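These protein sequence lines map, in sequence, to chains A and B.
Going by the UniProt record's numbering, the letters in the first sequence line up with residues 1 to 257, in that order.
Going by the UniProt record's numbering, the letters in the second sequence line up with residues 1 to 382, in that order.
Heads up, the beta-carbon is just placed ideally off N, CA and C, and yes, glycines get one too.
Since the structure is predicted, the reported quantities are computational estimates derived from the model, not experimental observations.
For reference, the structure discussed in these notes is given below.
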Amino acid sequence: MPARPRLAVWKFASCDGCQLSLLDCEEELLSLAEAVEIGYFLEASRKTLPGPYDLSLVEGSITTPEDAERIREVRRLSKKLVTIGACATAGGIQALRNFARIEEFVSAVYASPEYIRTLDRSTPIAAHVPVDFELQGCPVNRLQLLEVISAFLTGRTPAIPRYSVCLECKRAGTPCVLVARGTPCLGPVTHAGCGAICPGYGRGCYGCYGPMETPNPPSLGRRWQALGASERDLHRVFRTFNAGAEPFRRESEAHGG
Amino acid sequence: MPEGHVPTAGEAIIDREGLQALLDALGARGFSVIGPRIRDEAIVYAPLRNVADLPEGWTDRQDGGRYRLERRGDRALFGYAVGPHSWKQFLFPPRQRLWQARRTEAGFDLLEEPPPSERWAFLGIRACELHALAIQDRVFLGGSHPDRSYAERRRDLFLVALQCGEPSGTCFCVSMETGPKASSGFDLALTELLGDGSHRFLVEVGSRAGEEILAAIPHRSAGEADRREAEAVLDSTASRMGRTLDTRGIRELLQDHPEHPRWEEVATRCLACANCTMVCPTCFCSTVEDHTALTGESAERTRLWDSCFSLDFSYLHGGSVRKEIRSRYRQWITHKLSTWFDQFGSSGCVGCGRCITWCPVGIDITEEVRAIRSSLLEPTHA
Ligand code: SF4
Ligand code: SF4
Ligand code: SF4
Ligand code: SF4
Numbered sequence: 001m002p003a004r005p006r007l008a009v010w011k012f013a014s015c016d017g018c019q020l021s022l023l024d025c026e027e028e029l030l031s032l033a034e035a036v037e038i039g040y041f042l043e044a045s046r047k048t049l050p051g052p053y054d055l056s057l058v059e060g061s062i063t064t065p066e067d068a069e070r071i072r073e074v075r076r077l078s079k080k081l082v083t084i085g086a087c088a089t090a091g092g093i094q095a096l097r098n099f100a101r102i103e104e105f106v107s108a109v110y111a112s113p114e115y116i117r118t119l120d121r122s123t124p125i126a127a128h129v130p131v132d133f134e135l136q137g138c139p140v141n142r143l144q145l146l147e148v149i150s151a152f153l154t155g156r157t158p159a160i161p162r163y164s165v166c167l168e169c170k171r172a173g174t175p176c177v178l179v180a181r182g183t184p185c186l187g188p189v190t191h192a193g194c195g196a197i198c199p200g201y202g203r204g205c206y207g208c209y210g211p212m213e214t215p216n217p218p219s220l221g222r223r224w225q226a227l228g229a230s231e232r233d234l235h236r237v238f239r240t241f242n243a244g245a246e247p248f249r250r251e252s253e254a255h256g257g
Numbered sequence: 001m002p003e004g005h006v007p008t009a010g011e012a013i014i015d016r017e018g019l020q021a022l023l024d025a026l027g028a029r030g031f032s033v034i035g036p037r038i039r040d041e042a043i044v045y046a047p048l049r050n051v052a053d054l055p056e057g058w059t060d061r062q063d064g065g066r067y068r069l070e071r072r073g074d075r076a077l078f079g080y081a082v083g084p085h086s087w088k089q090f091l092f093p094p095r096q097r098l099w100q101a102r103r104t105e106a107g108f109d110l111l112e113e114p115p116p117s118e119r120w121a122f123l124g125i126r127a128c129e130l131h132a133l134a135i136q137d138r139v140f141l142g143g144s145h146p147d148r149s150y151a152e153r154r155r156d157l158f159l160v161a162l163q164c165g166e167p168s169g170t171c172f173c174v175s176m177e178t179g180p181k182a183s184s185g186f187d188l189a190l191t192e193l194l195g196d197g198s199h200r201f202l203v204e205v206g207s208r209a210g211e212e213i214l215a216a217i218p219h220r221s222a223g224e225a226d227r228r229e230a231e232a233v234l235d236s237t238a239s240r241m242g243r244t245l246d247t248r249g250i251r252e253l254l255q256d257h258p259e260h261p262r263w264e265e266v267a268t269r270c271l272a273c274a275n276c277t278m279v280c281p282t283c284f285c286s287t288v289e290d291h292t293a294l295t296g297e298s299a300e301r302t303r304l305w306d307s308c309f310s311l312d313f314s315y316l317h318g319g320s321v322r323k324e325i326r327s328r329y330r331q332w333i334t335h336k337l338s339t340w341f342d343q344f345g346s347s348g349c350v351g352c353g354r355c356i357t358w359c360p361v362g363i364d365i366t367e368e369v370r371a372i373r374s375s376l377l378e379p380t381h382a
């Protein structure tokens with residue numbers, strides 16, 4: 001049997017949800033273990049193997065000086081590096097610090113702020129090292145994650161479309177909640193991948209997959225206003241898990257500092 | 001199934017029980033009936049068995065980017081226009097596996113998809129939708145490479161058309177000469193009559209299969225008064241169109257102005273979300289996705305609805321040709337109203353209004369054409 005490709009899964013500032021998506025692949029986990037050699041995946045096993053790794057999956061954003069160094073080392077050890085989730089691709093919810101003074105957060109949260117050493121911004125992995133593929137989502141969709149891994153193992157392009165959630169919503173036959181109920185929905189500016197879960201339950205999308213390929217948030221923002229959204233609503237809705245993604249950051253700032 | 005208009009004994013009249021008998025007769029002949037039903041606050045196309053499944057007493061109010069169900073003052077079963085679904089979802093499924101492959105000792109085995117096991121009857125297909133169906137027939141079945149999956153699904157269709165009694169605020173079939181009267185391409189056609197206190201349907205026969213079904217259900221032949229009432233329904237619908245589109249010289253109007261400033265303007269509003277293409281009953285574009293299993297032991301190919309609003313749609317080596325939303329909107333409307341004539345010999349728009357209603361920001365195909373046309377009439381802009 002030829003040597004199996006060695007896989008590593010790394011964690012930076014994150015909630016572990018994306019790594020859990022991988023562990024969630026119950027049925028496929030066995031084939032994954034057959035197809036790759038798990039070299040480093042602390043969430044799954046304490047046993048580690050040394051690099052280089054054929055494929056590294058990176059979860060989390062860079063928020064400390066140590067992590068800014070560590071990601072360089074991970075990149076050096078990885079033939080291919082794929083970032084997974086809103087933290088790794090956009091800075092995550094912790095990128096809210098980018099819009100405030102970090103000292104204030106630190107002193108509000110920690111009893112002994114003097115022990116905390118952190119960067120004043122949370123940044124995506126691609127801001128630090130070259131990345132071979134970014135998989136968006138908070139958390140990522142496990143089937144998409146398997147698709148990306150399979151694609152990298154076979155050397156093909158992952159079938160991960162970058163258009164809007166609306167395509168998936170319409171293919172699912174869900175009547176548009178924005179049009180039929182006047183429910184504000186971020187689907188038109190949001191990256192596909194979830195299968196349009198929220199509209200399927202009669203709710204608006206709140207953008208957890210981050211921006212689609214060519215988003216037009218100002219136009220959708222005007223539509224939301226016509227539906228009754230306030231400046232504050234718009235400011236806040238674009239400032240969640242993907243607050244650090246450029247098109248969402250700009251739209252949020254357009255509706256208040 | 002329709003083989004052109006078959007001369008018959010003339011129109012018939014059925015009542016609500018007759019309509020139920022029609023559903024039963026179709027069921028007994030092995031058809032799964034699909035028709036209008038309320039789901040998630042909209043009227044969609046879904047399987048049904050009983051008259052009671054129909055949206056009795058409901059109507060829809062539609063405008064750009066807006067759709068609401070409302071109560072009518074009567075017991076009409078078909079008192080609304082078209083909704084977010086179109087019939088294309090049944091003949092050209094939004095997501096469809098084309099084949100699977102399994103690795104073997106010698107190479108690999110290809111597993112083809114079995115043909116569909118269901119035969120459908122569409123209840124309530126309207127004139128504009130019959131035109132859309134004819135257009136998709138040309139797209140999928142015309143030429144030297146007919147689409148097998150579409151052909152299999154299309155072959156056994158039974159079509160019960162509905163003569164529209166209630167146009168929506170975004171309908172413009174009169175402008176497109178596609179409605180409101182369905183005059184061919186159906187097996188049976190119903191006109192809902194609510195006048196003089198009796199609820200009944202005028203039935204026109206369009207094929208031998210339709211004739212056979214009508215013979216099997218209780219009916220009486222239509223009288224002059226019934227016919228006049230049915231005509232009045234269509235006249236009233238035609239006079240209440242929500243939108244109009246001036247189609248004179250439209251082919252040149254769009255093809256000759258690729259740099260018109262309106263494209264830039266519409267791009268400030270258009271989200272490139274692709275909703276207009278998903279809901280359009282004539283849009284036929286698809287992409288294929290290939291997936292391989294982790295172990296490399298199997299692979300499969302899936303066909304799914306795609307849209308000219310996605311970047312990958314125009315991806316050639318090195319990048320997408322239509323990077324700007326401006327060029328994607330221009331591509332879409334120009335194809336619908338102009339280059340479709342060059343490609344398929346007709347307009348690609350049947351005036352159903354779906355793209356207007358279901359555009360989240362209410363971009364209106366009729367308004368965009370009007371804006372370009374009127375700008376050219378102004379002497380300052382030529
Ligand atoms: S419900 Fe949201 S995601 Fe679905 S089509 Fe409407 S705007 Fe798009
Ligand atoms: S918020 Fe949007 S992207 Fe996230 S799961 Fe819901 S529909 Fe999908
Ligand atoms: S372009 Fe719009 S109005 Fe014309 S057929 Fe398509 S959805 Fe209907
Ligand atoms: S015209 Fe409307 S529905 Fe079509 S892509 Fe643009 S915003 Fe979406």
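- Ligand 4 has a heavy atom closer than 7 Å to the beta-carbon of Ala274 of chain B.
- Straight-line spacing of the CA atoms in Gly200 of chain A and Ala238 of chain B works out to 35 Å.
- Here DSSP, grouped into helix, strand and coil, assigns His191 of chain A to strand.
- Residue B:Trp332 holds the alpha-carbon nearest to the alpha-carbon of Gln255 of chain B among B:Phe309, B:Trp332, B:Phe284, B:Ser183.
- The contact set of Trp358 of chain B on chain A, defined by CB atoms closer than 7 Å, consists of Cys176, Val179 in chain order.
- For Tyr329 of chain B, no chain A residue has a C-beta closer than 8 Å to its own C-beta; the minimum C-beta separation is roughly 11 Å.
- When C-beta distances to chain B are compared with 9 Å, every residue of the stretch 105-119 of chain A stays at or above that value.
- Shortest Cα-Cα distance from Cys166 of chain A to any of A:Leu81, A:Leu178, A:Ala159 involves A:Leu178.
- The C-beta of Glu246 of chain A comes no closer than 8 Å to any C-beta of chain B.
- In the structure shown, Lys47 of chain A adopts coil according to DSSP, grouped into three states.
- Only residues of its own chain outside the window of five on either side were considered, and among them Tyr53, Ser56 have a CB closer than 6 Å to the CB of Ser78 of chain A, listed in chain order.
- Shown here for His131 of chain B: same chain residues with a beta carbon closer than 6 Å to its own, the five before and five after excluded, namely Thr178, Val350 in chain order.
- The Cβ atoms of Ser168 of chain B and Gly30 of chain B lie no closer than 8 Å to each other.
- Under DSSP, Arg103 of chain B takes part in a beta bridge, and its partners are B:Phe108.
- According to the DSSP assignment, Ser327 of chain B belongs to the alpha helix (DSSP H) that extends over 325-334.
- Under the three-state reduction of DSSP, Gln163 of chain B is assigned to strand.
- In terms of side-chain proximity, the C-beta atom of Pro188 of chain A is found nearer than 7 Å to a non-hydrogen atom of ligand 1.
- Taken residue by residue, none of the stretch 41-66 of chain A has a beta-carbon sitting less than 8 Å from a beta-carbon on chain B.
- Rounded to whole angstroms, the separation of the alpha carbons of Thr170 of chain B and Ile14 of chain B is 31 Å.
- Looking at the DSSP output, Pro116 of chain B bridges to nothing.
- For Leu153 of chain A, the closest Cβ of chain B is nearer than 8 Å.
- The C-beta distance from Gly193 of chain A to Asn141 of chain A rounds to 5 Å, short enough to fall under 8 Å.
- Those residues of the stretch 199-215 of chain A placed with their C-beta closer than 7 Å to a C-beta in chain B are Gly202, Glu213, Thr214, ordered along the chain.
- Boundaries for Arg239 of chain A: no alpha helix (DSSP H) harbours it, and the DSSP string shows neither H nor E there.
- Contacts between Ala254 of chain A and chain B, judged by CB atoms closer than 8 Å, are missing: the closest CB pair is about 14 Å apart.
- For Gly17 of chain A, the enclosing alpha helix (DSSP H) starts and ends at 17-23.
- The beta carbon of Arg16 of chain B lies closer than 7 Å to those of Val51, His199 in the same chain, with the five residues before and after it left out.
- Residues of chain B with a Cβ closer than 9 Å to the Cβ of Cys18 of chain A do not exist; the shortest Cβ-Cβ separation is about 18 Å.
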